[in-house]
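What follows is one structure encoded as structure tokens, with my remarks underneath.
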Amino acid sequence: MAKRIKKISDLGELEKLIKRSNKKPVFIFKHDDSIQESEDAYQEYLDFAEDTEEDILFSVIFVREDVEASDAIEELLDVNHEVPQLILVMDEEAVWDDTKENITADNLIEVVNEFIIEI
């Protein structure tokens with residue numbers, strides 16, 4: 231079951247998405263499609279989003295196109311700027327983030343098990 235990845239294009243959309251994290255977890259992927267490492271990580275993210283059964287919102291910011299939203303993440307979520315970067319937001323706070331080769335479908339399963347699935 232393919233999930234829709236929401237493209238964040240401006241600051242208003244980013245702020246709404248962060249507010250929605252009060253109801254369900256949100257992944258925000260910061261992507262630069264001119265960097266192969268980012269392309270590889272993005273494919274892992276897409277594969278994970280398609281395969282997971284969890285109720286999670288998936289989003290992407292193309293950092294070269296959507297500079298305002300990309301830059302705002304640092305301030306709004308108190309995370310350092312990296313590309314590629316994946317951030318898990320819950321209750322309007324970044325609870326996890328990672329970058330580069332650490333963004334794999336297997337690692338995302340572990341993140342979901344640690345932060346989202348209630349035991």
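Take my numbering: the final residue in the sequence shown is number 349, and no numbers are missing along the way. Backbone N, C-alpha and C define an ideal beta-carbon position, used for all residues, glycine too. The structure presented is a predicted model; accordingly, all values stated were derived computationally and were not measured.
- Item | Identity of the residues DSSP links to Asp328 by a beta bridge | Leu316
- Message: Can you give me the C-alpha to C-alpha distance between Asp277 and Thr334, rounded to a whole angstrom?
- Response: 9 Å
- What alpha helix (DSSP H) runs, 4 residues minimum, are completely inside the stretch 258 to 289? Fully contained in the stretch 258 to 289 are the following alpha helix (DSSP H) runs of length 4 or more, in chain order: 266 to 281.
- Does the stretch 296 to 316 touch the stretch 233 to 250, meaning 3 or more C-beta pairs lie closer than 8 Å? yes
- Message: With the cut-off set at 8 Å, would you say Met320 and Phe345 are in Cβ contact?
- Response: Between Met320 and Phe345, the C-beta spacing is below 8 Å.
- So the beta strand (DSSP E) Lys254 belongs to, where does it begin and stop? From DSSP, Lys254 is part of no beta strand (DSSP E); its letter is neither H nor E.
- Taking 8 Å as the threshold, find out whether the stretch 309 to 320 comes into contact with the stretch 257 to 273 through three or more Cβ pairs. Contact between the stretch 309 to 320 and the stretch 257 to 273 is present, because at least three Cβ pairs lie under 8 Å.
- Message: Within a Cβ cutoff of 6 Å, which residues of the same chain sit near Ala232, ignoring the five residues on either side of it in sequence?
- Response: Residue confidence is low: Ala232 scores 48 on pLDDT, short of 50, so the model does not pin down where it sits. No coordinate-derived value is stated.
- Query: Using the rule of at least 16 other Cβ atoms within 10 Å of the residue's Cβ for burial, across every protein chain shown, is Asp336 buried or exposed?
  - Reply: Exposed.
- Message: For the beta strand (DSSP E) containing Ile235, name the first residue and the last one.
- Response: Per DSSP, Ile235 belongs to the beta strand (DSSP E) from Ile235 to Lys237.
- Take the Cβ of Ile303 as the centre, count every other Cβ of all protein chains shown within 10 Å, and call the residue buried at 16 or more, exposed below. buried
- Item | Integer-rounded CB distance, given that Glu284 should sit under 8 Å from Val342 | 6 Å
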